[in-house]
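A quick write-up on the structure given underneath.
Protein chains: 2
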Amino acid sequence: MTNIHDIAKMAGVSATTVSRVLNHHPHVNEETVKAVQRAIDETGYTKNIHAVHLKKGRTNLIGIVVPFMDQIYFSQLVDGIARAVSKTDCHLLIIQTQYIEEKELEALELLKTKQIDCLIFCSRSVQVDVIQSYSQSGKMVVLEDIQVEGISCTYMNHYDSFYAGLAFLYANGHKRISICLNRENSTSSLQRKKAFADFLNAHQLPFLDEDVVTDCLYLEDGINLANQLIQSAARPTAFLVTNDQVAAGLYTTLVRAGWNVPKDLAIIGFDNQSISKALDMTTVQIPFNKIGEQLIKQALESEATRHEIKLELIKRGTV
Amino acid sequence: MTNIHDIAKMAGVSATTVSRVLNHHPHVNEETVKAVQRAIDETGYTKNIHAVHLKKGRTNLIGIVVPFMDQIYFSQLVDGIARAVSKTDCHLLIIQTQYIEEKELEALELLKTKQIDCLIFCSRSVQVDVIQSYSQSGKMVVLEDIQVEGISCTYMNHYDSFYAGLAFLYANGHKRISICLNRENSTSSLQRKKAFADFLNAHQLPFLDEDVVTDCLYLEDGINLANQLIQSAARPTAFLVTNDQVAAGLYTTLVRAGWNVPKDLAIIGFDNQSISKALDMTTVQIPFNKIGEQLIKQALESEATRHEIKLELIKRGTV
DNA sequence: TTGAAAGCGCTACCAC
DNA sequence: GTGGTAGCGCTTTCAA
Chain B
84 MTNIHDIAKM
94 AGVSATTVSR
104 VLNHHPHVNE
114 ETVKAVQRAI
124 DETGYTKNIH
134 AVHLKKGRTN
144 LIGIVVPFMD
154 QIYFSQLVDG
164 IARAVSKTDC
174 HLLIIQTQYI
184 EEKELEALEL
194 LKTKQIDCLI
204 FCSRSVQVDV
214 IQSYSQSGKM
224 VVLEDIQVEG
234 ISCTYMNHYD
244 SFYAGLAFLY
254 ANGHKRISIC
264 LNRENSTSSL
274 QRKKAFADFL
284 NAHQLPFLDE
294 DVVTDCLYLE
304 DGINLANQLI
314 QSAARPTAFL
324 VTNDQVAAGL
334 YTTLVRAGWN
344 VPKDLAIIGF
354 DNQSISKALD
364 MTTVQIPFNK
374 IGEQLIKQAL
384 ESEATRHEIK
394 LELIKRGTV
Chain C
84 MTNIHDIAKM
94 AGVSATTVSR
104 VLNHHPHVNE
114 ETVKAVQRAI
124 DETGYTKNIH
134 AVHLKKGRTN
144 LIGIVVPFMD
154 QIYFSQLVDG
164 IARAVSKTDC
174 HLLIIQTQYI
184 EEKELEALEL
194 LKTKQIDCLI
204 FCSRSVQVDV
214 IQSYSQSGKM
224 VVLEDIQVEG
234 ISCTYMNHYD
244 SFYAGLAFLY
254 ANGHKRISIC
264 LNRENSTSSL
274 QRKKAFADFL
284 NAHQLPFLDE
294 DVVTDCLYLE
304 DGINLANQLI
314 QSAARPTAFL
324 VTNDQVAAGL
334 YTTLVRAGWN
344 VPKDLAIIGF
354 DNQSISKALD
364 MTTVQIPFNK
374 IGEQLIKQAL
384 ESEATRHEIK
394 LELIKRGTV
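And the structure:
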């Protein structure tokens, strides 16, 4: 491989001057620039980025931690982030964890070893204090409402949006509403459960254990849910569902079994994925591009900040 | 920042020895290891990866080029690749291009500057010869059937799977079949069009321009297609569709308009996404995990190889 | 406007 | 089992 010294020799100048040309410094003689350029063209030289990184201590790489990408929620999120990144001079490193803690630690080590300039957590398995223990290792941004010194966060207001969904169902006459969640104790599930409890309280409705279904993530979970529902005697009149995938599984299965939605069961999904549009399903919209922009903005800022993202109920035909 | 020399000094050994401990070399005295370890623990030292990269000339980074990730096809693909990568000691750099050529060139430059050890093209806008001109810059793998010296490829047999879909429709009595594609001249569309032409020829069926619909990618495109279909007089009895998203848009819109699928129109989708399962839709399965494994295997091999992926027709209720 | 030289922090070779 | 030393290729400071 040719290096900067080879170019310097060919152009009859010093490596310093070559470096100046490479980095478009002013005050270099035009003729000199041309000579260097000629040598570069001739050899097809490109500078060794590792040497630059070593010298400067940065990589312009932003790491993002996601559990999977075969789920629309995360892929749309990553897409939004990638769009935002492509407007900067940084690149995106993906650490897909399947929620394995070891993988998340690996990501944190990437930050610590400066292999990435910043790490964005889209979702996590490790405890907050583990993340906190790395807060001095580099810039971190988290997509949830944690209040840790030195760590930026952008978060969706799941409490408000869930409450709004419940209130909308109540306004449409529903007195027994069920909800389903994915990971029972994730930050967003905790918010959603609190919204549910507060809602029931406010309307003096009873809390029934069976009205909170957990581990619903995939479309298949919605199918299972529908089959259970079909066989149960006492059942809710409305369902507020984890996401549109689960809602679609629920909806299509019920309809195929002859149910009428929303008459027999009202459904609200989450994410406003295209499937919800196709099924004319009421859902909650998540502004992924805005979230991506926000996360990248925070990734590049020097101080830590907090930012709330509002979600919007999209009213369609399943309520 | 503490560096290897600081640790060496603290432990009373040389930097070489510290390096040996760091890299788990054998033949280091146990006491020495302990002393070094103590110094490392005390300072919280981690090695500067840039120096390692500079020294070794590698980054263990694999770049992948995708146009978007808000589409299930690509997100499942990236997910499959990410799963495969996570079994290696490499990491994944995503270059999301929106099919902008400039972005693809940026990715190629990343390879040339050794910022990544290998580049995987999942889909491209630039011409093959542009890619070819970078074939000496580093390892490249492409997800399509190109035959370029020094570039590995894994490709799906779109011709065979499309032909099989058409044959299946024909066997079910359909004589006028339409197809829809996305980008008219993409490698896969060209294969699919050829399969269509060959199929028509083999069965002495006429080729009608209006039976090839292009630019169908999103669910919304399927909705539009359905609306056109509803208003047209002479129409096909079966549709072989770009992907399950478009097929879902088509299906749900027709059903809502009172059509019976497959009686009024048979539909075959593509990708076997969960939505096709929910709608009980006949489709073609793409083995994303296998593709991911294969691409990463080729990324890490030294020679260039070719590999074909077979696709499988999943028979359900829309034919 | 240009150049010499000193690192950035690590690994690998060779010597002991 | 251990250490000295010579780079990897670049940028930056200082001096000319």
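Order-wise, the sequence lines are chains B and C. Those letters in the first sequence? Residues 84 to 402, by my numbering. Those letters in the second sequence? Residues 84 to 402, by my numbering. We put the beta carbon where it would ideally sit given N, CA and C, even for glycine.
- prompt: How would you write the range of the alpha helix (DSSP H) that residue 313/C sits in, first residue to last?
  reply: In the second sequence, the residue the question calls residue 313/C occupies position 230. Looking at the DSSP string, the run of the alpha helix (DSSP H) that includes residue 313/C is 302 to 314.
- request: Would you identify the three-state DSSP class for residue 365/B, choosing helix, strand or coil?
  value: Here residue 365/B corresponds to residue number 282 of the first sequence, with the count starting at 1. Correct three-state label for residue 365/B: strand.
- prompt: Using a beta-carbon distance cut-off of less than 7 Å, what residues from the segment 143 to 161 of chain B approach chain C?
  reply: 151, 152, 153, 155, 158, 159 and 161
- request: From the DSSP output, in three-state form, read off residue 148/C for me.
  value: For this step, residue 148/C is matched to residue 65 along the second sequence. Of the three classes helix, strand and coil, the one that applies to residue 148/C here is strand, per DSSP.
message: If you follow the alpha helix (DSSP H) that residue 157/B is in, where does it begin and where does it stop?
response: By one-based count along the first sequence, residue 157/B stands at place 74. 155 to 168 is the extent of the alpha helix (DSSP H) around residue 157/B.
- request: Run down chain B in chain order and give the residues with a C-beta less than 8 Å from the C-beta of residue 86/C.
  value: Taking the second sequence and counting its residues from 1, one reaches residue 86/C at position 3. The contacting residues do not exist; residue 86/C stays about 12 Å from chain B at best.
- request: Have a look at 373/B, 387/B, 372/B and 355/B and flag the residue whose alpha-carbon is nearest the alpha-carbon of residue 397/B.
  value: One-based indexing of the first sequence puts residue 397/B at position 314. Per the Cα distances, 355/B.
Integer Cβ distance of residue 331/C from residue 340/B, believed to fall under 8 Å: Locating residue 331/C in the second sequence gives position 248, where the first residue counts as 1. Locating residue 340/B in the first sequence gives position 257, where the first residue counts as 1. Not a contact, Cβ separation roughly 20 Å.
field: Closest by C-alpha distance to residue 171/C, when choosing among 394/C, 390/C and 378/C
entry: One-based indexing of the second sequence puts residue 171/C at position 88. Answer by Cα proximity: 378/C.
query: So what does DSSP say about residue 351/C, is it helix, strand or coil?
result: Within the second sequence, residue 351/C is the residue found at index 268, counting from 1. Correct three-state label for residue 351/C: strand.
task: Excluding the 5 residues preceding and the 5 following residue 204/B in the sequence, name in chain order all residues of the same chain whose CB lies nearer than 6 Å to its CB.
output: Here residue 204/B corresponds to residue number 121 of the first sequence, with the count starting at 1. Only 148 and 225 meet the Cβ criterion.
task: Express the C-alpha separation of residue 301/B and residue 351/B in angstroms, rounding to a whole number.
output: Along the first sequence, read from residue 1 onward, the residue named residue 351/B stands at position 268. Along the first sequence, read from residue 1 onward, the residue named residue 301/B stands at position 218. One C-alpha to the other measures close to 16 Å.
- prompt: Between 290/B, 284/B, 316/B and 276/B, which lies nearest to residue 324/B when the distance is taken from Cα to Cα?
  reply: What you label residue 324/B is simply residue 241 of the first sequence in a count that begins at 1. The residue with the shortest Cα to Cα distance from residue 324/B is 276/B.
Nearest-angstrom Cα separation, counted from residue 287/B out to residue 305/B: Translated into the one-based positions of the first sequence, residue 305/B becomes position 222. Translated into the one-based positions of the first sequence, residue 287/B becomes position 204. So the alpha carbons of these two residues sit roughly 29 Å apart.
query: Between residue 146/B and residue 202/B, is the Cβ-Cβ spacing less than 7 Å?
result: What you label residue 146/B is simply residue 63 of the first sequence in a count that begins at 1. What you label residue 202/B is simply residue 119 of the first sequence in a count that begins at 1. Going by C-beta atoms, residue 146/B is nearer than 7 Å to residue 202/B.
message: Classify residue 207/C: buried if its beta carbon has 16 or more other beta carbons within 10 angstroms, exposed otherwise.
response: Numbered from its first residue, the second sequence carries residue 207/C at position 124. Residue 207/C should be labelled buried.
- prompt: Can you tell me where the beta strand (DSSP E) with residue 175/B in it begins and where it stops?
  reply: Working through the first sequence from its first residue, we reach residue 175/B at position 92. Per DSSP, residue 175/B belongs to the beta strand (DSSP E) from 174 to 179.
field: Inside the segment 180 to 235 of chain B only - alpha helix (DSSP H) runs reaching at least 4 residues
entry: 184 to 195 and 211 to 215
Proximal residues to residue 128/C (C-beta, below 7 Å), its chain only, five neighbours per side dropped: Against the second sequence, residue 128/C aligns to sequence position 45. Answer for residue 128/C: 85 and 90, listed in chain order.
Per DSSP, cross-strand counterpart(s) of residue 337/B: Here residue 337/B is taken as the residue at index 254 of the first sequence, counted from 1. DSSP lists no partner for residue 337/B.
message: Considering Cα atoms alone, identify which of 233/C, 229/C and 210/C is closest to residue 218/C.
response: To locate residue 218/C, count along the second sequence from 1; it is residue 135. Of 233/C, 229/C and 210/C, the residue nearest in Cα terms is 233/C.
query: Grouping DSSP H, G and I as helix and E and B as strand, with all else coil, what is residue 128/B?
result: Translated into positions along the first sequence, residue 128/B becomes position 45. Three-state result, residue 128/B: coil.
message: On the DSSP letters alone, give me the boundaries of the beta strand (DSSP E) that residue 389/B sits inside.
response: Residue 389/B sits at position 306 when you count from the first residue of the first sequence. It spans 389 to 392 - the beta strand (DSSP E) in which residue 389/B sits, taken as one unbroken run.
query: Hey, how far is the Cα of residue 126/B from the Cα of residue 372/C?
result: For the purposes of this step, residue 126/B is taken as the residue at position 43 of the first sequence. For the purposes of this step, residue 372/C is taken as the residue at position 289 of the second sequence. Rounded to the nearest angstrom, the two C-alpha atoms are 41 Å apart.
query: Which chain C residues sit within Cβ distance under 7 Å of residue 301/B?
result: On the first sequence, position 218 is the one that residue 301/B refers to. Those within 7 Å of residue 301/B in chain C are 357.
- request: Would you kindly work out how many angstroms separate the C-alpha atoms of residue 235/C and residue 255/B, rounded to a whole number?
  value: Taking the first residue of the second sequence as position 1, residue 235/C is located at position 152. Taking the first residue of the first sequence as position 1, residue 255/B is located at position 172. Their backbone Cα atoms lie some 59 Å apart in a straight line.
query: Just curious, the beta strand (DSSP E) that residue 396/B is in, first and last residue?
result: Looking up residue 396/B in the first sequence gives position 313. Taken as a continuous stretch (DSSP letters only), the beta strand (DSSP E) holding residue 396/B covers 395 to 397.
message: Between residue 179/B and chain C, is the shortest Cβ-Cβ distance under 7 Å, so that the two count as touching?
response: Locating residue 179/B in the first sequence gives position 96, counting from the first residue. Yes - at least one Cβ of chain C is within 7 Å of the one on residue 179/B.
- prompt: Where does residue 171/C fall in DSSP's three states?
  reply: The residue given as residue 171/C occupies position 88 in the second sequence. Residue 171/C: coil per DSSP, three-state reduction.
- request: Quick one: using the 10 Å Cβ neighbour count with 16 as the cut-off for buried, is residue 327/B buried or exposed?
  value: In the first sequence, counting from the first residue as 1, residue 327/B sits at position 244. By the 10 Å Cβ count, residue 327/B comes out buried.
field: Counterpart residues of residue 239/C in DSSP-defined beta bridges
entry: The residue given as residue 239/C occupies position 156 in the second sequence. The partner list for residue 239/C (beta bridge, DSSP) reads 392/C.
task: Please confirm if residue 406/C has its CB atom under 7 Å from at least one CB of chain B.
output: Chain C is shown only over 84 to 402; residue 406/C falls outside these bounds and no answer can be derived.
- prompt: residue 291/B by DSSP, collapsed to three states: which one?
  reply: In the first sequence, counting from the first residue as 1, residue 291/B sits at position 208. Coil.
field: Beta-carbon gap between residue 133/B and residue 136/C smaller than 7 Å
entry: Stepping through the first sequence from its first residue, residue 133/B is reached at position 50. Stepping through the second sequence from its first residue, residue 136/C is reached at position 53. Against a cut-off of 7 Å, the Cβ pair of residue 136/C and residue 133/B comes out as a contact.
Neighbouring residues, chain B, relative to residue 131/C (Cβ below 9 Å): As a first step, residue 131/C is located in the second sequence; it is residue number 48 there, counting from the start. The contacting residues are 137, 140, 196 and 197.
field: Own chain partners of residue 368/B with C-beta closer than 7 Å, once the 5 adjacent residues on each side are dropped
entry: For the purposes of this step, residue 368/B is taken as residue 285 along the first sequence, with counting starting at 1. 355, 394, 395 and 397.
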